[in-house]
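Protein chains: 2
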Amino acid sequence: MGAKAMSTPQEQDEEQLFAQHIRQLIDAGQLVDPESAKGRLLQAAAKLFNDQGFERTTVRDLATAVGIQSGSLFHHYPTKEAILCAVMEQVVRFNTTRMRVRLQQALNTREKLRALILCELESVVGGTGDAMTVLVYEWRSLNPDSQRYILALREVYEDLWMTTIAAAVAEGLVSGDPFIIRRFLTGALSWTKTWFKVGGQMSVSQLADEALRLLIR
Amino acid sequence: MGAKAMSTPQEQDEEQLFAQHIRQLIDAGQLVDPESAKGRLLQAAAKLFNDQGFERTTVRDLATAVGIQSGSLFHHYPTKEAILCAVMEQVVRFNTTRMRVRLQQALNTREKLRALILCELESVVGGTGDAMTVLVYEWRSLNPDSQRYILALREVYEDLWMTTIAAAVAEGLVSGDPFIIRRFLTGALSWTKTWFKVGGQMSVSQLADEALRLLIR
DNA sequence: CAATACCAAGCAAGCGCTTGGTTTGTAAAG
DNA sequence: CTTTACAAACCAAGCGCTTGCTTGGTATTG
């Protein structure tokens, strides 16, 4: 799921540390093992919901994708909406964990800012990209209770952002209102999903530099 | 539909000029008169599609919103999807026309860039905001033919952007790859729909300045 | 007296989900 | 090592409802 082309010892440590955290979350029951039946169901759901949208995806589509009968889905989740909610919960938990690890490794505010940008870009254009897009685009299909639940998880994630941006402003690294900066960034980074192709001329790391260049002068 | 709080003579001229262009397009049959039955249908559709999403909106919802029977919709448009397509077509035509008028009034590249940003922001957070969001979010619900049709219209709009950004780069006003700049901007500006509130502390014009500040150093 | 705009009724298809029963994996009991 | 027990995973069938859209007819308008 993470970036595969890592090389330096520090980055290898980081990857290992991250994998360790993920394993802990799986054991604690907060994250579904992607190799389990449930995990494969969620991955297929993320892909289908991203490709066709939640409403256009039928439980029969989903069942076919994982090779079971449509009724059997409801052994794993009580409703179709609960599957959507699980997809969103998983991706937020996964990415929050990765961001925490990367932030810890960053030495100064500038590096932290770049780490956040890179993390979000990797989330959006990388392995969890389907689920991330679903998280943004299919919000309306959640019932109010689920919305509140996911929103609470997202707030943890957003706090990491706001803390870092506020520090950058305090240090004079960037200028402007932190909230507006974050919101411009949210839009710009999530939109990369629609046009950036991994493996093309530009690397994700270079793209992160371009985004950072917009903020820091 | 346009901004209401205009004051200077130049801006009044601009508004008048714009209204004149719109009237021409209505007479030419390219734009639907918003006061006609069809026009009110499209406005209601834009609002519903934005609020609930295209798939979640039933033809019965739509018919109730305009005060007719569900079957009567199909006197105006052959399918539900055609209504979605019309909503998108209208908003692209409308905003392309406004952008052309504003560009003509701008004296230099910096002003042109600001005019484009302001136009797009007004499209997104103003009267056509519902339709603009639908244009971005409901793309998948169009059949391939409709997608091609709308895409062709959008390309005209995007050409106005790319020409201006290329000029700005050539003049050294902004730095970076024009395509990446436009794509970052597309995401950042369209995302304002989700958080910016017209009539709040910040005006749309101020927001445009903030966005411009990201680009120009 | 056409053309336009609409209503009232309903059809065929597809939807999420339920039900009752069967297979499969696992682990203690004999 | 075999048997028994039991829960988790899944199948086959289909129910009740909603969906987009059709049809045949009726007002309204220029």
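One line per chain: the protein sequences are A and B, in this order.
Just so we're aligned: the first sequence equals residues 1 to 217 in the numbering used here.
Just so we're aligned: the second sequence equals residues 218 to 434 in the numbering used here.
Where a beta carbon is used, it is the ideal one built from N, C-alpha and C, also for glycine.
Everything numeric in this text was worked out from a predicted model, so none of it was measured.
Proximity below 8 Å, CB of residue i to CB of residue j
i: R273 (chain B); j: E55 (chain A); result: yes
i: A261 (chain B); j: L279 (chain B); result: yes
i: R154 (chain A); j: V92 (chain A); result: yes
i: A188 (chain A); j: A425 (chain B); result: no
i: F291 (chain B); j: V351 (chain B); result: no
i: L234 (chain B); j: L242 (chain B); result: no
i: S422 (chain B); j: V353 (chain B); result: no
i: T97 (chain A); j: H21 (chain A); result: yes
i: T79 (chain A); j: E171 (chain A); result: no
i: L301 (chain B); j: E355 (chain B); result: yes
Outcome for residue i when other beta-carbon atoms lying within 10 angstroms are tallied against a minimum of 16
i: V156 (chain A); result: exposed
i: K4 (chain A); result: Any reading at K4 (chain A) must be qualified, since the residue scores a pLDDT of 45, below 50, and its modelled position is unreliable; no value is offered.
i: W378 (chain B); result: buried
i: M1 (chain A); result: At M1 (chain A) the pLDDT is 42, less than 50, meaning the model places this residue with poor confidence and gives no usable figure here.
i: L324 (chain B); result: exposed
i: S253 (chain B); result: exposed
i: E120 (chain A); result: buried
i: K410 (chain B); result: buried
i: S123 (chain A); result: buried
i: T345 (chain B); result: buried
i: I397 (chain B); result: buried
i: D362 (chain B); result: exposed
i: S358 (chain B); result: buried
i: D376 (chain B); result: exposed
i: D268 (chain B); result: exposed
i: T381 (chain B); result: buried
i: D130 (chain A); result: buried
i: A46 (chain A); result: buried
i: Q90 (chain A); result: buried
i: G53 (chain A); result: buried
Residue from the options whose Cα sits closest to the Cα of residue i
i: A435 (chain B); options: B:Q418, B:V415, B:R399; result: Nothing about residue 435 (chain B) can be reported from this structure: the residues present for chain B run from 218 to 434 only.
i: R257 (chain B); options: B:T326, B:A303, B:P295; result: B:A303
i: M88 (chain A); options: A:I150, A:A19, A:I165; result: A:I150
i: E251 (chain B); options: B:T296, B:F311, B:L390, B:G270; result: The identity of residue 251 (chain B) in the sequence shown is Pro, whereas the question assumes Glu. Here the closest residue by C-alpha is B:F311.
i: V318 (chain B); options: B:A348, B:A332, B:R430; result: B:A332
i: I334 (chain B); options: B:A282, B:M419, B:Q247, B:T403; result: B:T403
i: G284 (chain B); options: B:K255, B:D394, B:D347, B:P395; result: B:K255
i: V386 (chain B); options: B:K329, B:E355, B:G343; result: B:K329
i: I433 (chain B); options: B:G416, B:E232, B:L390, B:V415; result: B:L390
i: F184 (chain A); options: B:E388, B:R430, B:R327; result: B:R430
i: V198 (chain A); options: A:G71, A:G29, A:G126; result: A:G126
i: D177 (chain A); options: B:D394, B:Q418, B:A384; result: B:Q418
i: M316 (chain B); options: B:A236, B:S420, B:F413, B:W412; result: B:A236
Contacts that residue i makes with chain B (C-beta to C-beta distance below 9 Å)
i: Q16 (chain A); result: Result: empty, since nearest Cβ-Cβ is about 33 Å, beyond 9 Å.
i: G176 (chain A); result: E427, R430, L431
i: W161 (chain A); result: What W161 (chain A) touches in chain B: nothing, since even the nearest Cβ is about 14 Å away.
Cross-chain neighbours of residue i in chain A, by beta carbon under 8 Å
i: Q269 (chain B); result: R140
i: A428 (chain B); result: F184
Cross-chain neighbours of residue i in chain A, by beta carbon under 7 Å
i: I397 (chain B); result: E210
i: L431 (chain B); result: F184, L214
i: A405 (chain B); result: F184, G187, A188
i: R434 (chain B); result: R217
i: Y294 (chain B); result: Within 7 Å Cβ-Cβ: nothing; Y294 (chain B) doesn't reach chain A, min ~20 Å.
Neighbour list for residue i in chain B, Cβ cutoff strictly below 7 Å
i: E55 (chain A); result: G270, E272, R273
Where residue i meets chain A, residues with beta-carbon distance less than 9 Å
i: Y366 (chain B); result: The premise fails here: Y366 (chain B) is roughly 19 Å from chain A at the closest Cβ pair, so nothing lies under 9 Å.
i: Y374 (chain B); result: Per Cβ cutoff of 9 Å: no residues; Y374 (chain B) is ~16 Å from chain A at best.
Contact test: residue i Cβ vs the ligand COA heavy atom, cutoff 7 Å
i: Q286 (chain B); result: For the structure depicted, the ligand COA is absent and the ligand set is empty, with no information on it obtainable.
If you scan the region 33-119 of chain A from start to end, which runs of the alpha helix (DSSP H) of 4 or more residues do you find wholly inside it? The region 33-119 of chain A contains these whole alpha helix (DSSP H) runs: 37-52, 59-66, 73-76, 80-105.
Going along the chain, which unbroken runs of the alpha helix (DSSP H) with 4 or more residues stay wholly within the region 166-215 of chain A? Runs found: 178-191, 204-215.
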